[in-house]
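Engineer: To start, I am sharing the structure in question, which I have written as structure tokens.
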Amino acid sequence: MSNDSEKPFSARPEWADVTPVSQDDGPSPLVPIAYSSAYSDAMSYFRAILQTNEYSPRVLDLTAHIIRLNPSHYSVWKYRQDAVIARDADLLKELEFVEEMAEDQPKSYQTWHYRQAIIRKLGDASREVEFINRMLHIDSKNYHAWSYRQWVISTFDLWDGEMADTNRFLDMDVRNNSAWNQRYWVLKNRPSGFTDEDIAAEVKYALEMIYLAPRNESPWAYLRGIVALGGKTLDDFPSVEETCKDLSDKGQSIPHALAMLLDMKVAVKDVDECRRICAILEENDPIRQKYWKYRAESVK
Amino acid sequence: MLHGLDLLDEPLSQEVASRAVKTLARCQNSTGGFGGGPGQISHVATTYAAVNALAIVGTQEAYDLIDRSALLDWLRRLKQADGSFLMHEGGELDVRGIYCVLATVKLLNIVSPDLAANSEQFIACSQTYEGGIGGIPGVEAHGGYTFCAFAAMELLGKTELLDLDKLSRWLCFRQLAVEKGFQGRTNKLVDGCYSFWQGGAFPLLECALARRDGDEAGKVDLFNREALQEYILICCQGERGGLKDKPDKNPDYYHTCYVLSGLSIAQHRYAWDPVQEDIIVADGERGPVVVGNGQNLLPATHPVHNILPRHVTRIRAHFAQELPDA
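These protein sequence lines map, in sequence, to chains A and B. Counting from 1 along the first sequence, just add 100 to a position and that's the residue number in our numbering. Counting from 1 along the second sequence, just add 25 to a position and that's the residue number in our numbering.
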């Protein structure tokens, strides 16, 4: 069949028994889509087999063909999903198909959802982290990839090594906010939980990363997050205040450092200090002037 | 496109209105809901778009088209125990679903407790340590999902379940100092469409904060409107028309709609009206904020539904008279 893959379906002998069904847009559709003839041809055969609910190998061929032309065609992906499961088709081949489609269009919701459905049926996620790593190599912040990664890890209990993996991503790009988010997620959700020592180690790690690139927002947010996760406050960690002071003095005035000092002064209700810091922030971070004014007025 | 035309004050002819209805009719399924095109299975995002489009058309023909009873049955099939919705039968699940469903049923007066069950829990759990909201619990805070989640919470009347202080900080930090537009996530690039997804969250936020803190309606004003308008006007206009993500990209209908919507949001003020129990346009004595030529002023959009407020009022009034069939 593969050497016929350029022939329209209307010319393929294995489809001769099927009458194609053309799309009914109505008499004068608004903004009709100018489909290519290849697409219309394939879709006309899809509409035909929809009427009989056919789940045969030629239908797998047809749906793959359409998906390659339109990787976001959710109705066709859904139909294929039903067909593959009903036929007990070769799921490993489906994984290869998904990977081909994911490389072509890494941000298609349908591709990632389909992979999840196949893996659920297969019950074996041993290839998945490597697959996700390949996709993250193409785009280290692919939202679908990270979301799918969380599903794979939590469903198949693949927690070991994930913290180390986030290290790898952060070594490559300390500004990869998806990797920071993943780190928080692991700490919060892994069955082994976390200890006070773990939290202290994360604080140390965050502060080290902050020094690498002080204007990088990610580790500052992470720091706030893990301190709260650990049931602590920022001033439970003297190194936090030290770092903030360091980065807000010496003519550096890093807004994130000032903002963290502000949070600490809000916590102890030091109204004057808060207003003083907000005034500096209004100057140093002028795009957010209104926000800093609001923060100043909100301190009671 | 219809919303884009509305924002540009382009009147809709009767002929185009009628063709729109007939085109959308081909997308409705007898089992309920609308798909992306004829023969496609129903999808909550395309249903949201179709109902919004029909609300914009606003004729009897448009309203009569919608099979509300079948729609309700279909939505019930998509509802999940955790409060979320699948985007289509056998489809993916994330916070967009909750927004698309709740916004749709609000316009059509088929709000029912079973549809809203647990949705506020799902959304609250999707707020991350950063303060923004992700697609599902655990995933990274993201502008598109944040808007959907926050608008859904507004529809549910549960904005107090979110940490509004954390959300405020995250939202305000998504406006970039150099580009002046919004990014979708921390350390990612600016994109004109976030002018609406992120910018559009501010009216909701400001009203939620006013309700929480008992402040005067319209007192809180948090983002840099002028800067956002500059990004849009200077960087997002296509040379041959249409609006886009950023310079060096091509315009498309999605960006045209959302960049224009973001421009409108940046120009107008809103306030929570406790009498109407709704967010209303409240430009106040100072009037709208317009960067550049006065002709740049766009009509105000509804910050939850993102169609003009009069279309929201009209369709809701129409279906308020009609009880759902079951």
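Backbone N, C-alpha and C fix where the C-beta goes; we use that ideal spot for every residue, glycine too.
Count the other CB atoms, across all protein chains shown, that sit within 10 Å of the CB of PRO276(B); report buried if there are 16 or more and exposed otherwise.
Structural biologist: Buried, by the Cβ-count rule.
Engineer: Note down, in chain order, each residue of its chain lying with its Cβ closer than 6 Å to the Cβ of ASP385(A), except the 5 sequence neighbours on either side.
Structural biologist: PRO355
Engineer: Among TYR154(B), VAL203(B) and CYS260(B), which residue has its Cα nearest to the Cα of ASP273(B)?
Structural biologist: CYS260(B)
Engineer: Measure the beta-carbon distance from SER254(A) to ASN289(A) and round it to whole angstroms, keeping in mind my assumption that it falls under 8 Å.
Structural biologist: 7 Å
Engineer: Can you give me the C-alpha to C-alpha distance between VAL41(B) and LEU30(B), rounded to a whole angstrom?
Structural biologist: 12 Å
Engineer: Hey, would you say SER348(A) sits closer than 8 Å to LEU334(A), going by beta carbons?
Structural biologist: Going by C-beta atoms, SER348(A) is not nearer than 8 Å to LEU334(A).
Engineer: Applying a beta-carbon distance threshold of less than 7 Å, which residues of chain A neighbour HIS167(B)?
Structural biologist: TYR243
Engineer: With 8 Å set as the bound, which would you pick, yes or no: does the beta-carbon of ASP89(B) sit closer than that to a beta-carbon of chain A?
Structural biologist: no
Engineer: Assign VAL184(A) to one of three DSSP states: helix, strand, or coil.
Structural biologist: helix
Engineer: Along the chain, where does the beta strand (DSSP E) that runs through ALA111(A) open and close?
Structural biologist: No residue range can be given for ALA111(A), since it is assigned to no beta strand (DSSP E) and is classified by DSSP as neither H nor E.
Engineer: Alpha carbon to alpha carbon, how far is ASP298(A) from LEU118(B)?
Structural biologist: 33 Å
Engineer: What residues in the stretch 196 to 225 of chain B bring their beta carbon closer than 8 Å to a beta carbon of chain A?
Structural biologist: Along the stretch 196 to 225 of chain B, the positions whose C-beta sits under 8 Å from a C-beta of chain A are CYS197, PHE198, GLN200, LEU201, ALA202, LYS205, ARG210, THR211, ASN212 and LYS213, read in chain order.
Engineer: Of the choices GLU200(A), ALA202(A) and THR211(A), whose alpha-carbon is the least far from that of VAL176(A)?
Structural biologist: THR211(A)
Engineer: Tell whether a beta-carbon distance below 8 Å holds between LEU127(B) and ALA141(B).
Structural biologist: Closer than 8 Å, so yes.
Engineer: Can you give me the C-alpha to C-alpha distance between LEU329(A) and TYR154(B), rounded to a whole angstrom?
Structural biologist: 9 Å
Engineer: For the stretch 296 to 308 of chain A, list every residue whose C-beta sits within 9 Å of some C-beta in chain B, in sequence order.
Structural biologist: none
Engineer: Please confirm if LEU130(A) has its CB atom under 8 Å from at least one CB of chain B.
Structural biologist: yes
Engineer: Out of SER220(B), ALA235(B) and ASN321(B), which has the shortest C-alpha to C-alpha gap to CYS282(B)?
Structural biologist: It is SER220(B) whose Cα lies nearest to the Cα of CYS282(B).
Engineer: What whole-angstrom Cβ distance do ALA186(A) and TYR155(A) have, given they're in contact under 8 Å?
Structural biologist: 5 Å
Engineer: In terms of residues, what are the limits of the alpha helix (DSSP H) holding ASP372(A)?
Structural biologist: 371 to 384
Engineer: Compare the C-beta of GLU317(A) against all C-beta atoms of chain B and say whether one is closer than 8 Å.
Structural biologist: yes
Engineer: Nearest to LEU130(A) by CA position, among SER55(B), ASP246(B), VAL300(B) and ALA75(B), is which residue?
Structural biologist: Comparing Cα-Cα distances from LEU130(A) to each of SER55(B), ASP246(B), VAL300(B) and ALA75(B), the minimum goes to ALA75(B).
Engineer: Look at the Cβ atom of TYR284(A), then the Cβ atom of ALA306(A), and state whether they are nearer than 8 Å.
Structural biologist: no
Engineer: Helix or strand or just coil, what does DSSP make of LEU160(A)?
Structural biologist: helix
Engineer: Report all residues from its chain with a CB closer than 6 Å to the CB of ALA45(B); omit the five preceding and five following residues, and keep chain order.
Structural biologist: VAL82
Engineer: Can you find a CB in chain B that lies within less than 8 Å of the CB of THR163(A)?
Structural biologist: No, THR163(A) lies away from the interface with chain B (no Cβ there is under 8 Å from its Cβ).
Engineer: For the beta strand (DSSP E) that contains ALA296(B), what are its first and last residues?
Structural biologist: 295 to 298
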